[in-house]
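> Can you keep this structure in mind? I'll have questions shortly.
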Amino acid sequence: FYTSLEKAYKEGRVNLLYLPDFDVFTKYLKEVGTVTANTSAVEGRIVDLKGAPLPETTEDFPLTVLHTNDTHAGLDTVSSPNNILRRVTAIKNAKATTENPILIDAGDVFSGTLYFNKYLGQADLTFMNLVQYDAMTFGNHEFDKNGESSEVLSKFIGNAKFPFVSSNVNFSADDTLSKMFTNEIGRSGNAATIYPALIKEVDGEQVGIIGLTTEDTANIASPGKVTFENAVVKAKETVAMLQKEKINKIIVLSHLGYEEDLKLAKAVNGIDIIVGGHSHTQLDQAVVDNSDPNAPKLIVQTGEKGLFLGQLEVKFNKDGVLTDWKDQLISIDAKNGANYVIAEDPEAKKILDTEYKPGILELSNEVVGNSEVVLNGVRDNVRTKETNLGNLIADGMLFAAKKAGTNAVIALQNGGGIRESINEGPITQGEVLGVLPFNNDLVTITLTGQEIKDAMENGVSKTPAADGR
1 FYTSLEKAYK EGRVNLLYLP DFDVFTKYLK EVGTVTANTS AVEGRIVDLK GAPLPETTED
61 FPLTVLHTND THAGLDTVSS PNNILRRVTA IKNAKATTEN PILIDAGDVF SGTLYFNKYL
121 GQADLTFMNL VQYDAMTFGN HEFDKNGESS EVLSKFIGNA KFPFVSSNVN FSADDTLSKM
181 FTNEIGRSGN AATIYPALIK EVDGEQVGII GLTTEDTANI ASPGKVTFEN AVVKAKETVA
241 MLQKEKINKI IVLSHLGYEE DLKLAKAVNG IDIIVGGHSH TQLDQAVVDN SDPNAPKLIV
301 QTGEKGLFLG QLEVKFNKDG VLTDWKDQLI SIDAKNGANY VIAEDPEAKK ILDTEYKPGI
361 LELSNEVVGN SEVVLNGVRD NVRTKETNLG NLIADGMLFA AKKAGTNAVI ALQNGGGIRE
421 SINEGPITQG EVLGVLPFNN DLVTITLTGQ EIKDAMENGV SKTPAADGR
């Protein structure tokens with residue numbers, strides 16, 4: 001018997017299906033229902049099967065959604081030193097203590113600290129691979145370096161040990177990224193590829209995941225030949241694609257912003273959970289949308305810079321409807337006295353200290369200036385009023401433009417592009433890059449007085465809200 005099988009194997013007549021025997025048998029038993037007959041000792045087979053259906057389970061399916069967004073290379077900052085070491089611990093602990101956890105990210109891993117300027121996303125990716133993310137969508141900042149070449153983003157995707165979901169981004173005109181996009185539903189185990197949607201198998205249940213990126217990326221980043229389609233339209237199409245595969249539990253990774261997530265929830269049926277990003281909104285509790293009275297939808301978001309890990313525990317009934325949920329934001333920087341509550345992960349610490357910190361220290365310590373006063377880059381201030389740091393940056397822009405021989409007479413700096421303050425004393429390269437991390441190009445433009453006035457009015461149109469315009 002075994003000799004015959006060995007001969008067939010050597011002759012190349014065996015096709016490995018990668019289906020575990022216990023899984024094959026389990027599924028078959030579910031298919032046939034109740035076994036009611038004896039086996040025949042002579043023929044060695046089941047001689048009579050009664051196809052009685054299995055009783056329907058009344059237990060709801062539990063799922064834990066661990067989520068991050070807008071981490072912006074916040075691995076180790078002045079305000080949250082060694083953040084990633086505690087974040088890794090928090091993720092590992094959450095995975096070990098919750099039911100059926102999945103780990104997903106809603107975009108903007110790129111840009112924000114020296115770690116991105118130096119390592120172009122690869123440092124962040126090392127830790128994402130370490131804790132085994134299940135999926136990520138793209139934020140606008142993932143396209144900051146895409147203007148001249150797709151090398152930075154394509155390398156990030158190519159080295160990822162998880163898949164990317166992107167339902168409304170069109171990569172077809174980008175020669176590099178189009179080869180990384182597959183216009184079909186991804187499956188568990190896929191990695192380093194972009195899909196419009198993903199089906200993740202969790203404890204025998206299938207969960208659909210789709211991804212959406214703000215259409216404003218075309219204006220606020222450097223996407224090159226990549227274009228962005230209507231998020232609501234593509235969400236409806238992609239949800240329908242998943243429903244065609246009998247998927248009734250669907251999560252959206254949304255980098256649209258909180259206000260747009262509220263609109264999305266009302267506009268698209270079939271969605272169960274929206275894991276948000278882009279607006280840096282800290283939702284201490286899940287926001288519930290009841291626009292469909294028969295199927296509530298949840299919206300969650302963690303804020304920014306990896307300061308919180310989102311943990312949303314839900315239950316679905318057999319129809320894929322949410323029946324129960326509880327959520328929390330796990331504070332990565334929570335302290336008990338002077339000590340952090342969450343310990344640093346030793347494996348992550350070794351990686352950070354040996355592979356990445358030395359390069360950052362070398363880059364950040366170069367002194368490039370000095371200030372006798374604190375330069376105000378506080379988020380709410382630079383987005384709502386005049387600050388000395390904003391003035392200084394604009395002065396520098398005008399100086400550079402004139403030195404380049406242009407006829408520029410004023411300079412405009414968007415408040416949202418100023419990311420940190422600078423303390424009095426020597427100003428280092430690290431501080432400058434912390435304030436202006438996005439490597440935007442200086443441009444000149446000819447405008448009428450009315451156009452300038454309109455732009456300024458738009459800039460303050462949401463004051464006192466610190467949304468940024």
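Numbering (UniProt numbering), first residue to last: 1 to 469. A virtual CB, placed ideally from N, CA and C, is assigned to each residue, including glycine.
#1: Could you check whether Ala267 and Asp380 sit closer than 8 Å to each other, using their CB atoms as the reference points?
#2: What are the boundary residues of the beta strand (DSSP E) that Glu151 is part of?
#3: Among Lys161, Thr89, Ser166, which has the Cα closest to the Cα of Thr238?
#4: Please classify Thr182: is it buried, with 16 or more other beta-carbons within 10 angstroms of its beta-carbon, or exposed?
#5: Inspect the CB distances between the region 66-78 and the region 95-110 and report whether three or more fall short of 8 Å.
#6: If you scan the region 260-329 from start to end, which runs of the alpha helix (DSSP H) of 4 or more residues do you find wholly inside it?
#7: Can you tell me whether DSSP reads Glu83 as helix, strand or coil?
#8: Using 8 Å as the Cβ pair cut-off and three pairs as the minimum, do the region 262-281 and the region 290-302 touch?
#9: Look up Glu347 in the DSSP assignment and say whether it is helix, strand or coil.
#10: Helix, strand or coil: how does DSSP classify Gly211 here?
#11: Please name the residue in Glu245, Asn248, Pro437, Val233 whose C-alpha comes closest to that of Lys263.
#12: Glu259 to Ala286, Cα distance in whole Å?
#13: Please state whether the Cβ-Cβ distance between Glu344 and Thr64 is less than 8 Å.
#14: Which of the three DSSP states is assigned to Arg379 in this structure?
#15: Measuring only the C-alpha atoms, how far is Asn365 from Gly121?
#16: Spell out a yes or no on whether the region 301-316 and the region 136-148 are touching, meaning 3 or more CB-CB pairs, one atom from each, closer than 8 Å.
#17: Which residues in the same chain as Ser154 place their Cβ atom closer than 7 Å to its Cβ, once the five residues preceding and following it in sequence are excluded?
#18: Tell me the rounded alpha-carbon separation between Met241 and Leu66.
#19: Please state the DSSP three-state secondary structure of Ala221.
#20: Is it buried or exposed for Lys200, if we count other Cβ within 10 angstroms and need 16 for buried?
#21: Could you tell me the boundaries of the alpha helix (DSSP H) in which Gly430 lies?
#22: Contact between the region 408-428 and the region 346-357 is defined here as three or more beta-carbon pairs at a separation below 8 Å; is this criterion met?
#23: May I ask which residues mark the beginning and end of the alpha helix (DSSP H) holding Ile393?
#24: Please report the distance separating the alpha-carbon of Thr213 from that of Gly277.
#25: Can you look up Gln132 in the DSSP assignment and give me helix, strand or coil?
#26: Would the region 419-433 and the region 367-377 be scored as touching if the rule is three or more Cβ pairs under 8 Å?
#27: Please confirm whether Ile157 and Ala192 have their CB atoms less than 8 Å apart.
#28: Of the choices Leu253, Asp60, Pro81, Thr77, whose alpha-carbon is the least far from that of Val435?
#29: Report all residues from its chain with a CB closer than 7 Å to the CB of Arg187; omit the five preceding and five following residues, and keep chain order.
#30: Between which residues of its own chain and Val432 is the CB-CB distance below 7 Å, once the five residues before and five after are set aside?
#31: I want to know whether the region 441-451 touches the region 385-402 - three or more CB-CB distances under 8 Å.
#32: Considering Cα atoms alone, identify which of Asp289, Tyr195, Asn290, Thr302 is closest to Thr281.
#33: Who are the Cβ neighbours of Thr210 in its own chain at under 6 Å, not counting the five residues just before and after it?
#34: What three-state label does DSSP hand Val239 in the structure shown?
#35: Note down, in chain order, each residue of its chain lying with its Cβ closer than 6 Å to the Cβ of Lys145, except the 5 sequence neighbours on either side.
Taking the coordinates as given:
#1: Here residue 380 corresponds to residue number 380 of the sequence shown, with the count starting at 1. Here residue 267 corresponds to residue number 267 of the sequence shown, with the count starting at 1. Taking 8 Å as the Cβ cut-off, Asp380 and Ala267 do not qualify as a contacting pair.
#2: The residue given as residue 151 occupies position 151 in the sequence shown. Counting along the chain, no beta strand (DSSP E) covers Glu151; the unbroken alpha helix (DSSP H) around it starts and ends at 151-158.
#3: Taking the first residue of the sequence shown as 1, we reach residue 238 at position 238. Measuring from the Cα of Thr238, the nearest candidate turns out to be Ser166.
#4: One-based indexing of the sequence shown puts residue 182 at position 182. Classification of Thr182: exposed, given that the 10 Å Cβ count is below 16.
#5: They touch, by the three-pair rule.
#6: Here no run is fully enclosed.
#7: The residue given as residue 83 occupies position 83 in the sequence shown. The residue you asked about is not Glu; residue 83 is Asn in the sequence shown. Under the three-state reduction of DSSP output, Asn83 falls in the helix class.
#8: The answer is yes - the region 290-302 touches the region 262-281, with three or more Cβ pairs under 8 Å.
#9: The count along the sequence shown starts at 1 and reaches residue 347 at position 347. If DSSP states are grouped into helix, strand and coil, Glu347 belongs with the helices.
#10: Here residue 211 is taken as the residue at index 211 of the sequence shown, counted from 1. Strand, per DSSP.
#11: Stepping through the sequence shown from its first residue, residue 263 is reached at position 263. Nearest C-alpha to Lys263: Val233.
#12: On the sequence shown, position 259 is the one that residue 259 refers to. On the sequence shown, position 286 is the one that residue 286 refers to. Pairing Glu259 with Ala286, the inter-Cα distance amounts to about 14 Å.
#13: For the purposes of this step, residue 344 is identified with residue 344 of the sequence shown, where counting begins at 1. For the purposes of this step, residue 64 is identified with residue 64 of the sequence shown, where counting begins at 1. Cβ distance not < 8 Å, so Glu344 and Thr64 don't count as in contact.
#14: Here residue 379 refers to the residue found at position 379 of the sequence shown. Here Arg379 sits in helix by DSSP.
#15: The count along the sequence shown starts at 1 and reaches residue 365 at position 365. The count along the sequence shown starts at 1 and reaches residue 121 at position 121. One C-alpha to the other measures close to 21 Å.
#16: The region 301-316 and the region 136-148 do not touch, with fewer than 3 CB-CB distances between them shorter than 8 Å.
#17: The residue labelled residue 154 in the question sits at position 154 within the sequence shown. The answer, listed in chain order, is Thr176, Leu177, Met180.
#18: In the sequence shown, counting from the first residue as 1, residue 241 sits at position 241. In the sequence shown, counting from the first residue as 1, residue 66 sits at position 66. Annotation: Met241 to Leu66 spans about 25 Å, alpha carbon to alpha carbon.
#19: Position 221 of the sequence shown holds residue 221. Ala221 sits in coil when the DSSP states are folded into three classes, being neither helix nor strand.
#20: The count along the sequence shown starts at 1 and reaches residue 200 at position 200. Lys200 counts as buried, since at least 16 other C-beta atoms from the protein chains shown sit within 10 angstroms of its C-beta.
#21: By one-based count along the sequence shown, residue 430 stands at place 430. 429-435 is the extent of the alpha helix (DSSP H) around Gly430.
#22: The region 408-428 makes no contact with the region 346-357; the number of CB pairs closer than 8 Å stays below 3.
#23: Counted from its first residue, the sequence shown places residue 393 at position 393. Per DSSP, Ile393 belongs to the alpha helix (DSSP H) from 388-403.
#24: For the purposes of this step, residue 213 is identified with residue 213 of the sequence shown, where counting begins at 1. For the purposes of this step, residue 277 is identified with residue 277 of the sequence shown, where counting begins at 1. When rounded, the distance between both Cα atoms is 9 Å.
#25: By one-based count along the sequence shown, residue 132 stands at place 132. It is coil, neither helix nor strand.
#26: Enough Cβ pairs lie closer than 8 Å, so yes.
#27: Taking the first residue of the sequence shown as position 1, residue 157 is located at position 157. Taking the first residue of the sequence shown as position 1, residue 192 is located at position 192. Judged by beta-carbon spacing, Ala192 lies within the 8 Å limit of Ile157, meaning their Cβ atoms are closer than that value.
#28: Taking the first residue of the sequence shown as position 1, residue 435 is located at position 435. Ranked by how close their Cα comes to the Cα of Val435, the residues Leu253, Asp60, Pro81, Thr77 have Thr77 in first place.
#29: Residue numbering aside, residue 187 sits at position 187 when the sequence shown is read from its first letter. So the list reads Ile199, once near-sequence residues are dropped.
#30: Here the question's residue 432 lines up with position 432 in the sequence shown. So the qualifying residues of the chain are Val368.
#31: By the Cβ test, the region 441-451 is in contact with the region 385-402, since at least three Cβ pairs between them sit closer than 8 Å.
#32: Taking the sequence shown and counting its residues from 1, one reaches residue 281 at position 281. Closest by alpha carbon: Thr302.
#33: Taking the first residue of the sequence shown as position 1, residue 210 is located at position 210. In the sequence as displayed, the identity of residue 210 is Ile instead of Thr. Cβ contact annotation for Ile210 (same chain, cutoff 6 Å, sequence separation greater than five): Val165, Ser167, Ala197, Thr238, Val252, in chain order.
#34: In the sequence shown, residue 239 corresponds to position 239, counting from 1. Residue state, collapsed to three classes: helix.
#35: On the sequence shown, position 145 is the one that residue 145 refers to. Same-chain partners within the cutoff: Val152.
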